[in-house]
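**Student:** From first to last, the protein sequence lines are chains V and W.
Here the first sequence is numbered in our numbering, starting from 931 and rising by one per residue.
Here the second sequence is numbered in our numbering, starting from 931 and rising by one per residue.
Protein chains: 2
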Amino acid sequence: MQIFKTITGIRSFVKEARQAGRTVGFVPTMGYFHEGHLTLMRQAKGECDLVVVSIFVNPLQFGPREDFASYPRDFDRDVALARSTGVDAVFAPDTQEMYPEQYYTTVDVEKITDPLCGRSRPGHFRGVTTVVAKLFNIVHPHRAYFGQKDAQQVVVISRLVEDLNMDLTVVTVPIVREPDGLAMSSRNVYLDPADRKAALVLCQSLRAAKEAMASGVREGPRLAGLVRELIAKEPRASLEYVEVLGLPDLIPCINLKGRVLIAVAARFGATRLIDNTILEVEAVSKIQIQT
Amino acid sequence: MQIFKTITGIRSFVKEARQAGRTVGFVPTMGYFHEGHLTLMRQAKGECDLVVVSIFVNPLQFGPREDFASYPRDFDRDVALARSTGVDAVFAPDTQEMYPEQYYTTVDVEKITDPLCGRSRPGHFRGVTTVVAKLFNIVHPHRAYFGQKDAQQVVVISRLVEDLNMDLTVVTVPIVREPDGLAMSSRNVYLDPADRKAALVLCQSLRAAKEAMASGVREGPRLAGLVRELIAKEPRASLEYVEVLGLPDLIPCINLKGRVLIAVAARFGATRLIDNTILEVEAVSKIQIQT
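1. Give the interface partners of residue 1064 of chain W over in chain V, defined as CB-CB distance under 9 Å, in chain order.
2. How many Å lie between residue 1068 of chain W and residue 1098 of chain V at the Cα?
3. Taking only runs that begin and end inside the stretch 976 to 1056 of chain W, name each unbroken alpha helix (DSSP H) of 4 or more residues, in chain order.
4. Would residue 1100 of chain W and residue 1037 of chain V qualify as a contact pair, given that the criterion is a beta-carbon distance under 7 Å?
5. Given a cut-off of 7 Å, decide if residue 1082 of chain W and residue 1047 of chain W are closer than it, judged by their beta-carbon atoms.
6. If we ignore side chains and look at the alpha-carbon of each, how far apart do residue 1216 of chain W and residue 1189 of chain W end up?
7. Three or more beta-carbon pairs under 8 Å between the stretch 971 to 980 of chain W and the stretch 1116 to 1136 of chain W, yes or no?
8. Distance, Cα to Cα, residue 1127 of chain W vs residue 1160 of chain W?
9. Considering Cα atoms alone, identify which of V:1144, V:1000, V:1008 is closest to residue 1201 of chain V.
10. With a cut-off of 7 Å, does the C-beta of residue 1263 of chain W fall near any C-beta of chain V?
11. For the stretch 1157 to 1185 of chain V, which residues have a CB atom closer than 8 Å to at least one CB atom of chain W, in sequence order?
12. From which residue to which residue does the beta strand (DSSP E) around residue 1173 of chain W run?
13. With respect to the beta strand (DSSP E) encompassing residue 1193 of chain V, which residues constitute its N-terminal and C-terminal limits?
14. Compare the Cα-Cα distances from residue 1008 of chain V to each of V:1033, V:1035, V:933 and report the closest residue.
15. Report yes if the C-beta distance between residue 939 of chain W and residue 991 of chain W is below 7 Å; otherwise report no.
16. In chain order, what are the residue ranges of uninterrupted alpha helix (DSSP H) at least 4 long that sit wholly in the stretch 1068 to 1142 of chain W?
17. Would residue 935 of chain V pass as an interface residue toward chain W - the criterion being a Cβ-Cβ separation below 7 Å?
18. Is the separation between the beta-carbon of residue 984 of chain W and that of residue 1021 of chain W shorter than 7 Å?
19. Using only the alpha-carbon positions, how far apart do residue 1070 of chain W and residue 1119 of chain V sit?
20. Evaluate residue 1062 of chain V with the Cβ neighbour count: other Cβ atoms within 10 Å of its Cβ, from every protein chain shown; 16 or more gives buried, anything less gives exposed.
21. Output needed for residue 1041 of chain V: all residues of its chain with C-beta closer than 7 Å, excluding positions within five of it in sequence on either side, in chain order.
22. Show which residues of chain W have a CB atom less than 9 Å away from the CB atom of residue 1040 of chain V.
23. Of all the CB atoms in chain V, is at least one closer than 7 Å to the CB of residue 1191 of chain W?
24. Would you tell me roughly how many angstroms separate the C-alpha atoms of residue 1074 of chain V and residue 1156 of chain W, rounded to the nearest one?
25. So for residue 936 of chain W, helix, strand or coil by DSSP?
26. Is the shortest distance between the beta-carbon of residue 948 of chain W and the beta-carbons of chain V less than 7 Å?
27. In angstroms with no decimal places, state the Cα-to-Cα distance between residue 1111 of chain W and residue 1052 of chain V.
28. Can you check whether the CB of residue 1177 of chain W is closer than 7 Å to the CB of residue 1186 of chain W?
29. Answer yes or no: does any C-beta atom of chain W fall closer than 7 Å to that of residue 1098 of chain V?
30. Is it right to say residue 949 of chain W is buried, meaning 16 or more other beta carbons lie within 10 angstroms of its own, or is it exposed?
31. Could you compute how far the alpha carbon of residue 1103 of chain W sits from the alpha carbon of residue 970 of chain W?
32. In three-state DSSP terms, what is residue 1202 of chain V?
33. Can you tell me which of the three DSSP states residue 956 of chain V falls into?
34. Any C-beta of chain W within less than 9 Å: which residues of the stretch 1195 to 1209 of chain V qualify?
35. How far does the alpha helix (DSSP H) with residue 1152 of chain W in it extend, from its first residue to its last?
36. Quick one: grab the DSSP three-state call for residue 968 of chain W.
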C-alpha cells in the first residue's frame, strides 16, 4: 500500500492504473476508521481493481463552534487498518495542499441541503460538496463509496455528481451497527458509558417507527411524533431533529409513499449523533395486503 | 466533423480518442462565431490531436434584464465555420440537456468575481463557472482555449481549474481585432453604423493609456482617469467601468507594477461592449532606462 501526501503523487498513481485499464474505487473519509469505513473499503475492493482511500479532516465542513480541532485522529492506526482491508493507496493531504492561500472556489447544492443537517449545520454541505468535488477531480475514480449513515450527504453528493456531469458512479453502502444497534461513527468515542447506553434510543426509536409503519401507520408527522416521544423519554438525549422525508428530493412527507427517509439527530453531552432508516412504503403495503 | 446534441454522445467520442492516446483541445463558446472564435479553434487544432467546440448559449450567465433571448444565433453558419477550421466535433446541447428539472448545483469563485463585469452583472460569473465546470467534466479535454477579450473570465476560469484541481490546462489567446481596432465580439452585430464607429473609442482610449504608461505614467488612477476622459468625449458611449487592476488577483493598482490589466465596459445604444489591454510594467520601465 502506498501513501501519498501530494495531489501530483496520487494523481499520477491513479493515471497509470487507469491507462493500464484498471478500474479505480475511491473511499473519501475523515479518518479514525471504524467498521463502517472498513466495510466501504472491502466493498470497493470487491468491485474495483484498485482502491484509493483519502484521509482528510476537512475544515470547510465544520462550523466555527463545531469539533474540527478535537475531531478524533489516529493516522498510524488508520493506515494499518486500510492496509489490512487490501487498500492500494492512501491519499492524506494537509490543509495547505487542499486549500492553498488565495483559495476562492466553492461548490453548492441548493434545496436538498436545506433540511436536516443543513439546517442545524449552516455551511456544512458547502464544505462537503466543495471538498468532494476536489477529491473526485484529484483521484478521478470510476466508483466512489459512501455510507448510508450520512443519508443526506449521499443524496447531496449523488446530486452533485449528476448536476456537474462528473463521470463516476456513487455507491451507497448500508449502515454498519454495533452489536446493540448503535450506528458506527467516529464520534462514538466521545461518549461516556452512560451516554453510550442512552444513545441506543436513536436506533430503537427508528426501529419503533419502522414497526409502526409495518402495522399500518402512513402519516409522516405521526411517525416523526412517535420518534420524538421516545427520544424525549431519554433524559440524556437532547433532540436536534426528527424528519420524515421523501427520497431522493428530501421533501417532507405527509402521506407516506415510495422511498421514505426517517432521519434523526441528537446530542448526548457535547456529542452530536445522527441515525436514519429508509422505508419502502409500497413494498410494505403489498405485504400487508397479502396477510 | 461530427455534431453531438447529447452528453453521452460527446463523452463517448472523446473517451475513445483519449483511450487511443490522442490529446483533446476544447473551445467552449456561445456560438455566432467571429474571427476570435476561429482563432481559438485554429490554435487548438495546432496544439491538439482533436478539437471539440461547444455551442451553448448558457441562460445561467445572463441576468433577467440581459440579452439571453436576443443573443445572436446561427447554428448552420457556425457548423460550417467550425468545419472549415478543422474542428473534429461540435457539442451543441439544448438547455434541458444541460439543466434538467431539479438541477440544484452551482460553482462559485469568490473575490476575483467582485470587480469589473462581476459588479455590473451580478450572478454572471456564477453562471459561467457552473457551465464551464459542467462542460469540462463532459468533454474532459487536455487543453481548453479562452479569448483574452473576456479578461476577467480567463482569470476566473484559471482559478476555478486550479482550486477544484481540474486536470487540464487553460490556454489564453490574444484579442482578435477588426482592421480598425474594434475587439471582435458576437455582440458587434447589434451596432448601427454610428455606434459601430463610436465604439472605436474603447480601443483608442486603451491605446492612449498604454502610450501614457510608456511615457512614464505609473499611477493606476491617472491611467483610469485618462481612459474615462476620452470615453466621456464620445457622446454615443455610456461608460460602465474603467478599472486598472493587478493580475492575477484583480486587485486595484495605485502604483503600477508587474502585470496590470486595464479593462473597460461601455454601452453604445443597448449594446454592451468590453475591451482590455495588459501592460507589463517592469518591461516597459526597462526600455525607458535604455533610451
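Quick reminder that beta carbons are idealized off the backbone N, C-alpha and C, glycines included.
**Tutor:** Answer, in terms of the structure:
1. 1093, 1094, 1095
2. Going by the C-alpha atoms only, they are around 11 Å apart.
3. 1005 to 1014, 1025 to 1028, 1046 to 1050
4. no
5. The Cβ-Cβ distance between residue 1047 of chain W and residue 1082 of chain W falls below 7 Å.
6. Since pLDDT at residue 1216 of chain W reaches only 49, below the 50 mark, its modelled position is unreliable, and no value is offered.
7. no
8. Cα to Cα, the separation comes out at about 15 Å.
9. V:1000
10. Look at the range of chain W in this structure, 931 to 1221, and you will see that residue 1263 of chain W is not part of it.
11. 1179
12. That run of the beta strand (DSSP E) goes 1167 to 1176.
13. 1189 to 1198
14. When each option's Cα is compared against that of residue 1008 of chain V, the closest is V:933.
15. no
16. Taken in chain order, the complete alpha helix (DSSP H) segments of 4 or more residues contained in the stretch 1068 to 1142 of chain W are 1081 to 1093, 1123 to 1128.
17. no
18. Contact: yes.
19. When rounded, the distance between both Cα atoms is 42 Å.
20. That one is buried.
21. none
22. 1034, 1035, 1036
23. With its beta carbon at least 7 Å from every one in chain V, residue 1191 of chain W lies outside the interface.
24. For the pair residue 1074 of chain V and residue 1156 of chain W, the Cα-to-Cα distance works out to about 56 Å.
25. coil
26. no
27. As the crow flies, the alpha-carbon of residue 1111 of chain W is around 50 Å from that of residue 1052 of chain V.
28. no
29. no
30. Counting C-beta atoms within 10 angstroms of its own C-beta, residue 949 of chain W has fewer than 16 neighbours from the protein chains shown and is therefore classed as exposed.
31. When rounded, the distance between both Cα atoms is 7 Å.
32. strand
33. strand
34. Flagged: no residues at all.
35. 1150 to 1162
36. Of the three classes helix, strand and coil, the one that applies to residue 968 of chain W here is helix, per DSSP.
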